[in-house]
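A.B. asks:
2 protein chains.
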Amino acid sequence: MMTTNPSGPAGPVGVPVSVSVSVPGSASVAMGTATAGDVLAGYLHGQATDFLRSLRLHAESGADAEDASEAARLLRRSARRVAGVLQVYRPLTDTAWTDQLRTELVWLTGVLGREHAYAARLARLRGALHRLSRAEGEPEGTGSLTVGAARAGALLDRQLSLARTRSHSAALQALGSSRFHALADAVAVLASEVPLDPAARDLLAREALPCLVEQTHRRLTDAVEALPLGVAGRPYNAEALAHGLAATQAADSPPAESRQDAPWHQARRLVRLRRYAQEVLDEHEQGEAEPSLSVRLLGAGQALDRHRDAAEAAASAASAARTPRIAPATAYALGVLHADQRHEVESARYAFGRIWQRVTP
Amino acid sequence: MMTTNPSGPAGPVGVPVSVSVSVPGSASVAMGTATAGDVLAGYLHGQATDFLRSLRLHAESGADAEDASEAARLLRRSARRVAGVLQVYRPLTDTAWTDQLRTELVWLTGVLGREHAYAARLARLRGALHRLSRAEGEPEGTGSLTVGAARAGALLDRQLSLARTRSHSAALQALGSSRFHALADAVAVLASEVPLDPAARDLLAREALPCLVEQTHRRLTDAVEALPLGVAGRPYNAEALAHGLAATQAADSPPAESRQDAPWHQARRLVRLRRYAQEVLDEHEQGEAEPSLSVRLLGAGQALDRHRDAAEAAASAASAARTPRIAPATAYALGVLHADQRHEVESARYAFGRIWQRVTP
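Line order of the protein sequences matches chains W and G. Note that UniProt numbering has the first sequence beginning at 1, numbered continuously upward. Note that UniProt numbering has the second sequence beginning at 1, numbered continuously upward.
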């Protein structure tokens, strides 16, 4: 069981600490003199409170699938932020306690996210099939499917709906487990008193926080610099589909496309981490922060989300095409769909490259 | 070919006119005072001579397929130019005679071009299959094909090689026909004395020619302005594949993609016509002409050639996928190939749009 490690605010020698964190979740911190611990605690209080509220919403949603899905989305949203912020600002926390919480939060977001991911992927592939089947002059989103497209859609529907249903059961099971209850208890602790490293109460927020954000930023820029942005910046480079028909080299190795995508997925995770890190700074600095940086990080993250979604959709189309005894027309439609989604991958890389130029001028 | 008059450019009014085209094909025209008839005749003499030389080369090539193919290419090259220039500068010619020649030249280039087109299309599709099957890290142009890609390649090979062989026979038959002999006789007339409208001998080249070129230029700009260049200018607009799986609306109407491509093909023909028109001007004006315009027209034409080639390759992949009793893996590879080539179509439109901005500043 995790325990709190409460430690009172202690200012550095000679400097009076002007802290006014009274009610958790409604921290009001004086600019410039707030401690790193106070700012971090204020942010985490807020997210932990959101987490617990979403959990209540989920419990109350009952049979309403839409409400439950929205509550799960909010739950994941807070969980991702708490885990991310605990990672960026780790040295300021009681790491023995927070490292374990972080592991559990990553587990939870993984379990809860899968159902949503399958539903979104099916929607994306259905949308693409309709777009590809659109007759000339017909408005977008309408149009009847050809036999091949309709069969491909039905096959994907069957496969992804099954995966979605399984993920739904797994999520419900997770939310009823003792593992989840322990996690919820830990988040409740966070909502009342964040276990910090004692030193965090002595460090000025404006000195300690940017330093840790900088470390995350460097990890991100290193990861992005390793990406083939030169190629991605030339439109229609045909790189994302270059391995579209390549054989898997070994049974236990991922297909070439997955290997090609992996560094982009890593950049996506680091952009997200950097965004959460910025949220803590922004709450602290309020008017000081450069709003355009947050906007650009959001844009960069969205481009990489689209990259991930398209890559996974392409993989699902390829995987469906390996179903035994499908009709050639179905396989043909799935091939077109696969290539279409890989071009979405390429398009997302191009979009990311252009946004990134403005993140690091 | 024409050479500049060593006496240099003619001066303004008052300076004696030093012009005369005496020997066909070696016209020596003074700048500024040459007649439209002389300049046009000089260009056509040159192309007609090239045509007859290529015809001799073709006859002498015997069993050497490569020589025969190169001779046929040169024959088409001259035939296209003569037909194009007779169209642009039609009012300067004896139209009763030249209209018929033009019709026959269009027939010949069509018949001779088909064999080359099928060979080029097969090479393009084979290249794409290899590119798509390339394993990660493998250099371009190498790599073994997966089962689906190999079967798709074999199917395309069978279908396009058959079409190529038929076109080859048709071309040989055409070259042996009395229709072709009549055409060759007409070109021989052109090589000795171009049938011009009597008035063409009285018009100044620098006045009459640019006026006719301008008419062609206006047809071209009208055609290009009707193209959806706004959409094409946004990379990854996914427009070229928008109808990739659309059903043909009626059995006798072309598929949606062909209808979408038609105005681009028309622009391609007009860019080519404009280029040939410019060649006549350039030979006449020599140093005066803006070399960058010719270069840009060439670039624009190449982008639209790629557009046509990719569109036809995509159609061949789609058509091959309708072969009865193919394996799903083959159909899948053909679907990927179809989408890949439609993205080449989109890429070519994007490239054309960028070049066109510099053709009409």
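For each residue, glycine too, the CB sits at the ideal point set by N, CA and C. The structure presented is a predicted model; accordingly, all values stated were derived computationally and were not measured.
Shorter than 7 Å from the beta carbon of Leu52 (chain G) to some beta carbon of chain W?
C.D. replies: Leu52 (chain G) does not count as touching chain W.
A.B. asks: Round the Cβ separation of Leu297 (chain G) and Val224 (chain G) to the nearest angstrom and send it over; I've been treating them as touching at under 8 Å.
C.D. replies: In fact, because the Cβ distance is near 12 Å, the residues do not count as touching under 8 Å.
A.B. asks: Roughly how many angstroms separate the alpha carbons of Glu283 (chain G) and Trp264 (chain G), rounded to a whole number?
C.D. replies: Spanning the two alpha carbons is a distance of roughly 29 Å.
A.B. asks: If I measure Cβ to Cβ from Ala34 (chain W) and keep anything under 6 Å in the same chain, skipping five residues before and after, which residues do I get?
C.D. replies: Excluding positions up to five away in sequence, the list reads Ala205.
A.B. asks: Our contact map puts Glu180 (chain W) next to Ala174 (chain W) with C-beta atoms below 8 Å; I'd like the distance itself, whole angstroms only.
C.D. replies: Note that residue 180 (chain W) corresponds to Phe in the displayed sequence, not to Glu. Confirmed, about 6 Å.
A.B. asks: Do Tyr236 (chain G) and Gly84 (chain G) come within 7 Å of each other at the CB atom, strictly closer than that value?
C.D. replies: No, Cβ-Cβ distance for Gly84 (chain G) and Tyr236 (chain G) is not below 7 Å.
A.B. asks: Mapping DSSP to helix, strand and coil, what is Thr35 (chain W)?
C.D. replies: Of the three classes helix, strand and coil, the one that applies to Thr35 (chain W) here is strand, per DSSP.
A.B. asks: Could you give the first and the last residue of the continuous alpha helix (DSSP H) run that contains Arg179 (chain G)?
C.D. replies: Element bounds for Arg179 (chain G): Ser178 to Ser192.
A.B. asks: Tell me, please, whether the CB atom of residue 368 (chain G) is closer than 7 Å to any CB atom in chain W?
C.D. replies: Limits of chain G in this structure are 1 at one end and 361 at the other, which puts residue 368 (chain G) out of reach.
A.B. asks: In whole angstroms, what is the alpha-carbon distance linking Asp64 (chain G) and Ala310 (chain G)?
C.D. replies: Looking at the two C-alpha atoms, the distance is approximately 29 Å.
A.B. asks: Measure the alpha-carbon distance for Pro24 (chain W) versus Phe51 (chain W) and round it to whole angstroms.
C.D. replies: With a pLDDT of 39 at Pro24 (chain W), under the threshold of 50, the modelled position of this residue cannot be trusted, and the question is left open.
A.B. asks: For Ala182 (chain W) and Gly113 (chain W), I'd like the C-alpha separation in whole angstroms.
C.D. replies: The straight-line gap from Cα to Cα measures roughly 20 Å.
A.B. asks: So is Gln357 (chain G) buried or exposed if we call it buried at 16+ other beta carbons inside 10 Å?
C.D. replies: Exposed, because fewer than 16 other Cβ atoms sit within 10 Å of the Cβ of Gln357 (chain G).
A.B. asks: Quick one: what's residue 362 (chain W) bridged to in DSSP?
C.D. replies: Outside the displayed range of chain W (1 to 361) lies residue 362 (chain W), so it cannot be described from this structure.
A.B. asks: Going by C-alpha distance, which of G:Ala351, G:Gly42 and G:Gly353 is nearest Val194 (chain G)?
C.D. replies: Per the Cα distances, G:Gly42.
A.B. asks: If I follow the unbroken alpha helix (DSSP H) through Thr221 (chain W), where does it start and stop?
C.D. replies: Its alpha helix (DSSP H) spans residues Ala205 to Glu225.
A.B. asks: Answer with yes or no whether the minimum CB distance from Ile326 (chain G) to chain W is below 7 Å.
C.D. replies: Chain W, which has a Cβ nearer than 7 Å to the Cβ of Ile326 (chain G), makes this yes.
A.B. asks: Pick out whichever of G:Ala199, G:Leu281 and G:Val147 has its Cα sitting closest to the Cα of Leu212 (chain G).
C.D. replies: The candidate whose alpha carbon is nearest that of Leu212 (chain G) is G:Leu281.
A.B. asks: Compare the beta carbon distance of Glu115 (chain W) and Arg164 (chain W) with 7 Å and say whether it is the shorter of the two.
C.D. replies: The answer is yes: Cβ separation under 7 Å.
A.B. asks: For Arg76 (chain W), which option in W:Leu55, W:Ser61 and W:Leu86 has the closest C-alpha, if you only look at C-alpha atoms?
C.D. replies: Looking at the Cα atoms, W:Leu55 is the closest of the given residues.
A.B. asks: Given a cut-off of 7 Å on the beta-carbon distance, is the pair Leu203 (chain G) and Ala36 (chain G) in contact?
C.D. replies: Yes, the Cβ-Cβ distance between Leu203 (chain G) and Ala36 (chain G) is below 7 Å.
A.B. asks: Output the distance between the C-alpha atoms of Asp126 (chain G) and Phe352 (chain G), rounded to the nearest integer angstrom.
C.D. replies: For the sequence presented, residue 126 (chain G) should be read as Arg rather than Asp. In a straight line, the C-alpha of Arg126 (chain G) is about 25 Å away from that of Phe352 (chain G).
A.B. asks: Tell me which residues share the same chain as Arg268 (chain G) and place their Cβ nearer than 8 Å to its Cβ, disregarding the 5 neighbours each side in the sequence.
C.D. replies: So the list reads Gly301, Leu304, Asp305, His307 and Arg308, once near-sequence residues are dropped.
A.B. asks: I'd like to know whether the C-beta of Gly244 (chain G) is nearer than 7 Å to at least one C-beta of chain W.
C.D. replies: Interface residue, yes.
A.B. asks: Can you tell me which of the three DSSP states Ile326 (chain G) falls into?
C.D. replies: Three-state result, Ile326 (chain G): coil.
A.B. asks: On a Cα-Cα basis, can you pick out the residue from W:Asp38, W:Arg80 and W:Ala191 that is closest to Arg272 (chain W)?
C.D. replies: Among W:Asp38, W:Arg80 and W:Ala191, the Cα nearest to that of Arg272 (chain W) is on W:Arg80.
A.B. asks: Please tell me whether Thr146 (chain G) has its Cβ less than 7 Å away from any Cβ of chain W.
C.D. replies: It does: the Cβ of Thr146 (chain G) has a partner Cβ on chain W nearer than 7 Å.
A.B. asks: May I ask which residues mark the beginning and end of the alpha helix (DSSP H) holding Tyr276 (chain W)?
C.D. replies: Taken as a continuous stretch (DSSP letters only), the alpha helix (DSSP H) holding Tyr276 (chain W) covers Ala256 to Glu285.
A.B. asks: Determine, using beta carbons only, whether Val359 (chain W) comes closer than 7 Å to chain G.
C.D. replies: By this cut-off, Val359 (chain W) is not an interface position.
A.B. asks: Who are the neighbours of Val336 (chain G) on chain W, taking C-beta pairs under 8 Å?
C.D. replies: Ordered by position in chain W, the residues that pass the 8 Å Cβ test against Val336 (chain G) are Leu241, Gly244, Leu245, Gly335, Val336, His338 and Ala339.
A.B. asks: Per DSSP, what kind of secondary structure is Glu344 (chain G) in: helix, strand or coil?
C.D. replies: Three-state result, Glu344 (chain G): helix.
A.B. asks: If we define contact as Cβ-Cβ less than 7 Å, is His343 (chain G) a contact residue for chain W?
C.D. replies: Judged by the 7 Å Cβ criterion, His343 (chain G) is in contact with chain W.
A.B. asks: Against chain G, with Cβ distances strictly below 7 Å, would Pro235 (chain W) count as a contact?
C.D. replies: Yes - at least one Cβ of chain G is within 7 Å of the one on Pro235 (chain W).
A.B. asks: Quick check: Arg349 (chain W) and Ala232 (chain W), are their CB atoms within less than 7 Å of each other?
C.D. replies: Yes, these two residues count as a Cβ contact at 7 Å.
A.B. asks: Determine the DSSP secondary structure at His130 (chain W), reduced to helix, strand or coil.
C.D. replies: If DSSP states are grouped into helix, strand and coil, His130 (chain W) belongs with the helices.
A.B. asks: Give the residues of chain W in contact with Tyr332 (chain G), contact being defined as C-beta atoms less than 7 Å apart.
C.D. replies: Those are Ala321, Ala331, Tyr332, Leu334 and Gly335, listed as they occur along chain W.
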